[in-house]
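Heads up, the thing below is written out as structure tokens.
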Amino acid sequence: MIKRDPNCTRCPLHQSAQYVCLLPPDLHQHDVFIVGEAPGKREDDSGVPFVGVTGQLLREALKELRIRGVMSNAVLCRPPENRTPKKREINACRFWMAQQLEHVKPKYVLCLGNVAMQSLLNMTGIKKQRGRVIERDGVIYFCTYHPAFISRDESYRPVWMNDLKRFKEIIDNQGAKEDTDINPIIVNDMKSYGHMIDDLSKGGVVSYDIETNGLYPWKGRITTLGFGTRTAQYIIPWDHPESVWRRLHPGGLDTVAWSLRRTVRECYIVAQNGKFDCLWMKVKHNVHWRTDFDTLLAHHILNENSLHDLEYLAQFYYGVPAYDIDLEIKQGKQGIAALAKYQALDLKYTRMLKFTLAAELAKDPAVNRVFKHLVMPCSDLFMEAEYYGLYIDFSKYNEAKDYLNYRVIKCRRALNKWIPKDWTPNVRKPKKKGFNWGSPKQVGRLLFDHMGIDVVEETAKGAASTSESVLKRIDHELVGDLLKLRGANQQLSFFIDGWKPFFVGRYLHPAFKIHGTTTGRLSAEHPNPQQVPRDPRIRQLISAPPGWELIEADLSQAEMRIAAELSKDPMLVYAFLHDVDVHWLTMIKEISRNASWSDQVIATASAHAGRRVTYSEGIDVLLKIGPDAAIDIDAEHDLTFPVDGAMLGWKELRKRAKAVNFGYLYGMFWKKFIIYARDKYGIKLQPRQARDSWEGYFDLYKGLPKWHQRQRTFARMNGYVASKIGRKRRLPEAMLDYDTPGRAEAWRQAINAPVQSLASDLNLMIALQLRREYDTDVMRICATVHDSILMRVVRPRVVEISERILEISGCPELLNVFQCQFTVPMEAEVKIGPWGRGVSLEKWKASHEKAVKD
DNA sequence: TACTCTAGCGCG
DNA sequence: AAAGCGCGCTAGAGTA
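As structure tokens, this is what we get:
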């Protein structure tokens, strides 16, 4: 019998726990040992383990599945404030875990959650590891989520139950059942090649998958190529020491790839993230293969909240054991045979998933339509975008580098005088010698400890914040230089040094994730073109090679237009129908409501009218002439005024209104608006002012609160919302009966998602249509940034294509497929030239014609 | 030495 | 009563 130690002091938890060292009283020998995290409040109060709500949830699930065993926790004292135990505490409590294992002598151990997994297996990342079967010292460990996670997010319950069911099977079968129903055929001679071609030519569903030794096709090798049919999985050793194809074919792998091309074209190709595999074939062998059905993308549109990796999907749908292998084997370092089995499983499950997911999609025709007509075509579109890449202007790149380096040196010099002699910030493991201005921790020590400045705000983890917003509120000479240094350093490390590893000649080839967000927007990486600063100094680095022009097609105010369309708010709809700039409208209405900024209104309007006007006349004039004219007058007459402590002209005011629009549109409260106005524009608003602006906004756009309510109610009743074309955002937490932060968040997402999603989908429709209408020798789409498209176009076609972009943007053909019509007009604008420095079509025409004449 | 996490900040 | 949404990348610092 283990003796509990009520005076255990192995970790600090004994100080806060009521019941120290909560060992289960009935611990005895059993084949099955179930290990949770730590006692909760109920347990700590009563001294009895597993009596709380989560304990109940676990007991019920185990009972339902007839899993019997003894239960305990990885950590035996309750951590304060329901936090999870820290690594130190888990390690300290291993002493007890070892004793318990010794005592129970289990054959099967169920690890519930990260903490148990860490304690028992010294592994982290339950989301990645869950479902994994691990054998150690003759004991089989199985990992899944902690029941507390399930009670927090109900959508994971089926996955969890499935895991537990598998655990039960493992117990019943005395181990995990390996999937042996595969038929891997290594294709490394002409005979098996011929056999494979025959099988592929039957015209059925064929899964396709390659293994590579890297993620970047320009800097790696394809080790194997694989095809899966109903009866077999063919694995072709490709750019691999064991491959025979270079020897058998004088033209090498290119020839094999090209001869495979015809067969592949006739197949219905299924792949998991086929964009990746097709890109590699395009880069390595210039063959253009298309994916007909992508299991990753299908699963993403069916459940945008989930993970989508193949192993996870196979486990989720077919309950197979984990089969992932070491990277070394995948990269072909240990011979083909080890790899073949793994790849055969990949091919088998990919093919199976096609049928499973297609059946799921068929149950939801609207979602299926989005998948078929929008998402799947994007796979090929973005494969090409990645292939063509972004052209970098290296002379500008070097200029920017020199400029930024110079700024860094200047700022550092100015800052260094503030470092006291013989003083070091007390940091345990500093990265660099001496004082580091790039370290928030060290800067914090200097400002708040040494200089004695009051801490303004704390970070989430309780450290003294040195964020931009905080620094701006500190009245000290150094903040200006520090902010400049941060900016310059960030640009250097992101775009100058950060891009270096990704250059392929003069091009960058970012990767797009069509499944990158929950709303249907894309994300991008390596590097991410969606976060290039608007600062033209950086943005212009992205340009076009000689003979081509970069064109940016931007949907103007896409999200506001869609919000108008969906809410049917009369004021917003009117504005868009009559070409009134809504950000401007919001701003003018706001200032006229307060009768504020009268000097500015009267001055600008008078300058425009050529006579002295009254305030209310001025408001009408401004509303009519719009932001561009007002900004011009500003510039001409130098009419910026100090407003609430900041210097603002019409340009800044409109920008501020834009933030107001998006903030309030998506459910921002006036309290946050005060913070926002302060941090972003240095404007000090009184609560009264902020509240007035909030109320005034929804008074102006009366349709918005009603629409918000409709969205919330729908989400609450149905657990999801859908966009106008049928893309769904599943929000299970929106259905909760009690007000929780999670539900409030889900409700806000119910408002935002259909707007963000449709704007992005519209942008994709335009990109797809452009791709269909123009061949890649005249136009190459190289990136999208949420509601804009970047492409390069051969010079002679610039005018024609620009005009066509504007036409398409007003009404992309794909909208018909979704029977989707708008009352609010959609509009785009094109900019021609280096990114961030592009000019309108008119200006380009003028300068180009002049250049031709010269 | 390599990995993970946080803070901070860029974008729409 | 309380209330923007969606991302990726970097350096620093802590951890194994």
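According to the working numbering, the first sequence holds residues 614 to 1467 in order. All residues carry an ideal CB built from backbone N, CA and C; glycine is no exception.
Member of VAL666, ARG1343, GLN928, GLY833 whose CA lies at the smallest distance from the CA of GLN1362
Position 749 of the first sequence, counted from the first residue, corresponds to residue 1362. Among VAL666, ARG1343, GLN928, GLY833, the Cα nearest to that of GLN1362 belongs to ARG1343.
Can you grab the Cα-Cα spacing for the pair GLU1071 / GLN1103, in whole Å?
If you number the first sequence from 1, residue 1071 lands on position 458. If you number the first sequence from 1, residue 1103 lands on position 490. If I take the Cα positions, the gap works out to 22 Å.
Which residue's Cα is closest to the Cα of GLY598: ARG679, HIS627, GLU702, ILE763?
This structure gives no information on residue 598, because the portion of the chain shown stretches from 614 to 1467.
Look at the Cβ atom of ASN886, then the Cβ atom of PRO850, and state whether they are nearer than 8 Å.
Walking along the first sequence from the start, residue 886 turns up at place 273. Walking along the first sequence from the start, residue 850 turns up at place 237. No, Cβ-Cβ distance for ASN886 and PRO850 is not below 8 Å.
Measure the alpha-carbon distance for PRO1425 versus ASP776 and round it to whole angstroms.
Walking along the first sequence from the start, residue 1425 turns up at place 812. Walking along the first sequence from the start, residue 776 turns up at place 163. When rounded, the distance between both Cα atoms is 45 Å.
Beta strand (DSSP E) segment containing ALA1124, residue limits
Counted from its first residue, the first sequence places residue 1124 at position 511. It spans 1124-1126 - the beta strand (DSSP E) in which ALA1124 sits, taken as one unbroken run.
Anyone know if the C-beta pair for TRP1457 and VAL1411 falls short of 8 Å?
Locating residue 1457 in the first sequence gives position 844, where the first residue counts as 1. Locating residue 1411 in the first sequence gives position 798, where the first residue counts as 1. Cβ distance < 8 Å, so TRP1457 and VAL1411 count as in contact.
For LYS1009, which of helix, strand or coil comes out of DSSP?
As a working mapping, residue 1009 is identified with position 396 in the first sequence. In this structure, LYS1009 counts as helix in the three-state DSSP scheme.
Go through its chain and collect everything with a Cβ distance to VAL1069's Cβ below 6 Å, but skip five positions before and after it.
Here the question's residue 1069 lines up with position 456 in the first sequence. VAL1083, ARG1086.
Pull up the distance between the alpha-carbon of ALA951 and that of ASP922, whole angstroms please.
Locating residue 951 in the first sequence gives position 338, where the first residue counts as 1. Locating residue 922 in the first sequence gives position 309, where the first residue counts as 1. Whole-angstrom Cα-Cα distance: 21 Å.
Counted within 10 angstroms of its Cβ, other Cβ atoms place ARG1152 as buried (16 or more) or exposed:
Position 539 of the first sequence, counted from the first residue, corresponds to residue 1152. ARG1152 comes out buried.
Out of curiosity, what's the CA-to-CA distance linking ILE1414 and ARG1329?
Mapped onto the first sequence, residue 1414 falls at position 801. Mapped onto the first sequence, residue 1329 falls at position 716. Using only the alpha carbons, I get a separation of about 45 Å.
Could you give the residue range of the alpha helix (DSSP H) that holds LYS967?
Along the first sequence, one-based indexing puts residue 967 at 354. LYS967 -> alpha helix (DSSP H) spans 949-975.
Going by beta carbon distance, what residues of the same chain come within less than 7 Å of HIS1196, once the five residues before and after it are set aside?
Position 583 of the first sequence, counting from 1, holds the residue named residue 1196. The residues are ARG1267, ALA1270, LYS1271, ASN1274.
Buried or exposed, going by whether 16 or more other CB atoms sit within 10 Å of the CB of LYS943?
Here residue 943 is taken as the residue at index 330 of the first sequence, counted from 1. Buried: at least 16 other Cβ atoms inside 10 Å.
Candidates GLU677, LEU678, GLU650: closest to GLY665 by CA position:
One-based indexing of the first sequence puts residue 665 at position 52. Of the listed residues, the one whose Cα sits closest to GLY665 is GLU650.
If you measure between the beta carbons of ALA1177 and PHE1189, is that distance less than 8 Å?
Indexing the first sequence from 1 puts residue 1177 at position 564. Indexing the first sequence from 1 puts residue 1189 at position 576. Yes, they are a contact pair.
For VAL988, tell me which candidate among PRO1043, PHE1125, HIS1089, LYS1113 has the shortest Cα-Cα distance.
The residue labelled residue 988 in the question sits at position 375 within the first sequence. That would be PHE1125, whose Cα lies nearest to the Cα of VAL988.
Cα-Cα separation between LEU1098 and TYR881, rounded to whole angstroms:
Residue mapping note: residue 1098 aligns to position 485 of the first sequence, counting from 1. Residue mapping note: residue 881 aligns to position 268 of the first sequence, counting from 1. If I take the Cα positions, the gap works out to 54 Å.
Which residues in the same chain as HIS898 place their Cβ atom closer than 8 Å to its Cβ, once the five residues preceding and following it in sequence are excluded?
Locating residue 898 in the first sequence gives position 285, where the first residue counts as 1. The answer, listed in chain order, is LEU866, ASP867, ALA870, TRP871.
Give me the DSSP bridge partner(s) of ASN686.
The count along the first sequence starts at 1 and reaches residue 686 at position 73. In DSSP, ASN686 forms a bridge with GLY649.
Assess, as a yes-or-no matter, whether the segment 912-932 is touched by the segment 1031-1048 under the definition of 3 or more beta carbon pairs within less than 8 Å.
no
Please return the same chain residues whose Cβ sits closer than 7 Å to the Cβ of LEU797, not counting the five positions on each side in sequence.
For this step, residue 797 is matched to residue 184 along the first sequence. For the record, residue 797 in the displayed sequence is Pro; it is not Leu. These residues qualify, in order along the chain: GLN846, ILE848, ALA953, LYS954, ALA957.
Run the CB neighbour count on VAL645, radius 10 Å, all protein chains shown included, and call it buried at 16 or more, exposed below.
Here the question's residue 645 lines up with position 32 in the first sequence. Buried, because 16 or more other Cβ atoms sit within 10 Å of the Cβ of VAL645.
Opening and closing residue of the beta strand (DSSP E) in which CYS756 lies:
Here residue 756 refers to the residue found at position 143 of the first sequence. Looking at the DSSP string, the run of the beta strand (DSSP E) that includes CYS756 is 752-757.
Indicate whether ASP1400 and ASP1167 have their beta-carbon atoms separated by less than 8 Å.
Looking up residue 1400 in the first sequence gives position 787. Looking up residue 1167 in the first sequence gives position 554. Yes. Within cutoff.
Where GLU1249 falls: helix, strand or coil (DSSP):
Your numbering for residue 1249 matches position 636 in the first sequence. Note: GLU1249 maps to helix in three-state DSSP.
Cβ-Cβ distance between GLU999 and LEU892 below 8 Å
For the purposes of this step, residue 999 is identified with residue 386 of the first sequence, where counting begins at 1. For the purposes of this step, residue 892 is identified with residue 279 of the first sequence, where counting begins at 1. A contact, by the Cβ cut-off of 8 Å.
Closest to HIS986 by CA distance: which of GLY1423, ASN918, ILE1379 is it?
Here residue 986 corresponds to residue number 373 of the first sequence, with the count starting at 1. Here the closest residue by C-alpha is ILE1379.
Please report the residue range of the beta strand (DSSP E) in which LYS1444 lies.
Numbered from 1 along the first sequence, position 831 holds the residue referred to as residue 1444. Taken as a continuous stretch (DSSP letters only), the beta strand (DSSP E) holding LYS1444 covers 1441-1445.
Give the straight-line distance between the Cα atoms of VAL728 and ARG745, rounded to the nearest whole angstrom.
Start at 1 with the first residue of the first sequence, and residue 728 comes out as number 115. Start at 1 with the first residue of the first sequence, and residue 745 comes out as number 132. So the alpha carbons of these two residues sit roughly 15 Å apart.
Would the beta-carbon of HIS1128 fall within 8 Å of that of LEU910?
Along the first sequence, read from residue 1 onward, the residue named residue 1128 stands at position 515. Along the first sequence, read from residue 1 onward, the residue named residue 910 stands at position 297. Yes, the Cβ-Cβ distance between HIS1128 and LEU910 is below 8 Å.
So for GLU924, helix, strand or coil by DSSP?
Residue mapping note: residue 924 aligns to position 311 of the first sequence, counting from 1. GLU924: helix per DSSP, three-state reduction.
Could you pull the DSSP bridge partners for LYS1341 from this structure?
On the first sequence, residue 1341 is found 728 positions in, with the first residue counted as 1. Looking at the DSSP assignment, LYS1341 forms a beta bridge with ALA1335.
By a C-beta neighbour count over all protein chains shown, 10 Å radius and 16 as the cutoff for buried, is SER1008 buried or exposed?
Within the first sequence, the letter at position 395 stands for residue 1008. Exposed is the call here.
Three or more C-beta pairs below 8 Å linking the segment 1005-1020 and the segment 1116-1124:
yes
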